[in-house]
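As given, the protein sequences belong to chains L and P, one line each in that order.
Numbered per my numbering, the first sequence spans residues 4 to 227.
Numbered per my numbering, the second sequence spans residues 4 to 227.
No residue lacks a Cβ here, since even glycine has one placed at the ideal position from N, Cα and C.
Here the structure is a predicted model, which is why all the values come from computation and not from measurement.
2 protein chains.
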Amino acid sequence: AAELDGVARHYPGGVRALDGVSMRIGAGELVGIVGPSGSGKSTLLNLLGTLDAPTEGSVRIAGHDVGALSDNGRSALRAQGIGFVFQQFHLAANVTALDNVADGVLYTGLPVRRRREQAAAALRRVGLADRAGHRPHELSGGQQQRIAIARAVVGDPALILADEPTGALDTASGEAVIRLLRGLHAAGAAVVVITHDREVAAGLPRRIHVQDGRIAADERPAHT
Amino acid sequence: AAELDGVARHYPGGVRALDGVSMRIGAGELVGIVGPSGSGKSTLLNLLGTLDAPTEGSVRIAGHDVGALSDNGRSALRAQGIGFVFQQFHLAANVTALDNVADGVLYTGLPVRRRREQAAAALRRVGLADRAGHRPHELSGGQQQRIAIARAVVGDPALILADEPTGALDTASGEAVIRLLRGLHAAGAAVVVITHDREVAAGLPRRIHVQDGRIAADERPAHT
Ligand SMILES: Nc1ncnc2c1ncn2[C@@H]1O[C@H](COP(=O)(O)OP(=O)(O)OP(=O)(O)O)[C@@H](O)[C@H]1O
Ligand SMILES: Nc1ncnc2c1ncn2[C@@H]1O[C@H](COP(=O)(O)OP(=O)(O)OP(=O)(O)O)[C@@H](O)[C@H]1O
Ligand SMILES: [Mg+2]
Ligand SMILES: [Mg+2]
């Protein structure tokens, strides 16, 4: 589970990306985050994923107070159980698709051969087994996004944080990605998805609405 | 006007991004390009924008055979009249939003002060006048996309090529961008938009469908 309590995130020059945000994501929950451009969605996800620290308030992940952990403690927490799909993919440039995905299980200490086997299986799940040897600049925008998704899920993490995972995808490819995330949720992972796709958002059992750095609504539609 | 005739674009290793593509975009036309991830849309747009060269066939822009031009000739053609919104934005990293947009009229030779005035006006049109001093890493995904759009339109080019211009935007911000592009079209520019957003595609007077590197359909719905 992940919990924010009275969290703010400000930047120099008076930008208040988040203010007074308190929320809880339960183990195994499927949650959407929606809101206008610049409202604070990615900032919220980065804090949940221990990739950023709050200006005020506290973040607890799996019971740990993230602020009290060392840098190493935070990376260990991430490596053990958080898969992240970045909004701008952040793939390693001169590295093949296979090795970009294998990086997702770097922390396991498994030998490279075993990690690449897991990576090849993840590439098959996103429909790109035949491009394992290509590097990011040799792939289309949507193909790169699917590599980023494969890297996030290859280690079967307990918490998956996905920032607009269908942003670069056509409807059919996007639906396949959402099916993949739903499958991981069904298997027990907590999945948090930022999306501006109305159809994707409508299909989620809970939707947190962010507006000007605050939580404007936390919608749990009945019996979806 | 822009014209492709028998165009193919292949990559080493047997990837056939485009094959046998012939099409024409008239001066002042508004056209959509749709198709699955990896089908060849960005490749097509890069060829139309003289940013890439075909493996076979010819590309003519405003009557010039692009293959017969020198590198300088091609950049002059681009600078004089083509505005490009890249799928991955490609903003200059340590440069302010204002100067990123001012780069869109670098070729005019106008003094920096004048270029920055034009850039400030373009930033206002995309709703980001208050972030002129921020650099790309200080802006959200959608804000960066809007900077990229402002840079493409700041010089009032005759041809605007936009690769998923609403991909990182919520519905309202996306609609504002489409209104901006429609306004430029109404003023006489030719506008070509790659999109996987069903609503955006449905509103365009012509839709070119790309599938596995070929034009599968060229839909000109009557009386839209
Ligand atoms: N440098 C390259 N080397 C090898 N293959 C490439 C290269 N650049 C592009 N491709 C391939 O060409 C095909 C078409 O790519 P393109 O970027 O045009 O697709 P797209 O329709 O824009 O897809 P998307 O919707 O995912 O952005 C893809 O299969 C892609 O992997
Ligand atoms: N380093 C920074 N310095 C200043 N402002 C920043 C910085 N990083 C983010 N911001 C601002 O914080 C606000 C929230 O950004 P965030 O990336 O969370 O938005 P978002 O909801 O994800 O938007 P989008 O839908 O466009 O991706 C924005 O106004 C953004 O410009
Ligand atoms: Mg974001
Ligand atoms: Mg593309």
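Residue-level contact to chain P via CB, residue i, 9 Å cutoff
i	result
residue 174/L	yes
residue 201/L	yes
residue 166/L	yes
residue 206/L	no
residue 118/L	no
Between the CA atoms of residue j and residue i - distance to the nearest angstrom
i	j	result
residue 111/L	residue 118/L	9 Å
residue 43/P	residue 154/L	24 Å
residue 172/P	residue 127/L	29 Å
residue 144/P	residue 90/L	7 Å
residue 227/L	residue 120/P	For residue 227/L, the predicted structure reports a pLDDT of 47, less than 50, and the residue's modelled location is therefore unreliable. A value from the coordinates is still provided. Going from the Cα of residue 227/L to the Cα of residue 120/P covers about 51 Å.
residue 163/P	residue 51/P	10 Å
residue 88/P	residue 201/P	19 Å
residue 105/L	residue 180/L	19 Å
residue 187/L	residue 206/L	16 Å
residue 93/L	residue 152/P	22 Å
residue 76/L	residue 192/P	55 Å
residue 204/L	residue 40/L	15 Å
residue 24/L	residue 210/L	15 Å
residue 182/L	residue 13/P	32 Å
residue 114/L	residue 108/L	10 Å
residue 6/L	residue 28/L	6 Å
residue 95/P	residue 33/L	36 Å
residue 73/P	residue 82/P	14 Å
residue 134/L	residue 214/P	18 Å
residue 10/L	residue 85/L	20 Å
residue 218/L	residue 78/L	27 Å
residue 159/P	residue 30/L	52 Å
residue 4/L	residue 80/L	12 Å
residue 190/P	residue 184/P	10 Å
residue 98/L	residue 38/L	34 Å
residue 286/P	residue 124/P	Look at the range of chain P in this structure, 4 to 227, and you will see that residue 286/P is not part of it.
residue 212/P	residue 71/L	54 Å
residue 48/L	residue 55/P	37 Å
residue 102/P	residue 122/P	8 Å
residue 36/L	residue 8/L	17 Å
residue 68/L	residue 156/P	47 Å
residue 216/L	residue 66/P	50 Å
residue 57/L	residue 45/P	38 Å
Bridge-paired residues (DSSP) for residue i
i	result
residue 3/L	Coverage of chain L is limited to positions 4 through 227, which leaves residue 3/L absent and any answer about it impossible.
residue 234/P	Outside the displayed range of chain P (4 to 227) lies residue 234/P, so it cannot be described from this structure.
residue 238/P	Since the first residue of chain P shown is 4 and the last is 227, residue 238/P is not available in this structure.
residue 146/L	Its beta-bridge partners do not exist; DSSP assigns none.
residue 166/P	197/P
residue 214/P	217/P
residue 152/L	Answer by DSSP bridge pairing: none, since residue 152/L is not bridged.
residue 21/P	12/P
residue 236/L	Chain L is shown from 4 up to 227; residue 236/L falls before or after that span and cannot be answered.
residue 67/P	64/P
residue 222/P	210/P
C-beta neighbour in chain L for residue i, strict 9 Å
i	result
residue 141/P	yes
residue 69/P	no
residue 18/P	yes
residue 137/P	yes
residue 227/P	Any reading at residue 227/P must be qualified, since the residue scores a pLDDT of 47, below 50, and its modelled position is unreliable; the value itself is stated next. No, residue 227/P does not count as interfacial toward chain L.
residue 177/P	yes
residue 171/P	yes
residue 144/P	yes
residue 149/P	yes
Any contact between the region 59-72 of chain L and the region 217-226 of chain L? By contact I mean 3 or more CB pairs, one from each, below 8 Å. no
- prompt: Name the residues in the region 21-54 of chain P whose C-beta lies less than 9 Å from a C-beta of chain L; which are they?
  reply: 37, 38, 39, 40, 41, 42, 43, 44, 45 and 46
Against chain P, which members of the region 90-116 of chain L pass a CB distance test of less than 8 Å?
90 and 91
Validate contact between the region 14-26 of chain P and the region 192-201 of chain L using beta carbons, cut 8 Å, 3 pairs | no
> Three or more C-beta pairs closer than 8 Å, one from the region 171-185 of chain P and one from the region 175-190 of chain L: is that the case here?
Replying inline: no
Original post:
If you pair each beta-carbon of the region 160-168 of chain P with each one of the region 129-143 of chain P, do three or more pairs fall below 8 Å?
Top reply: no
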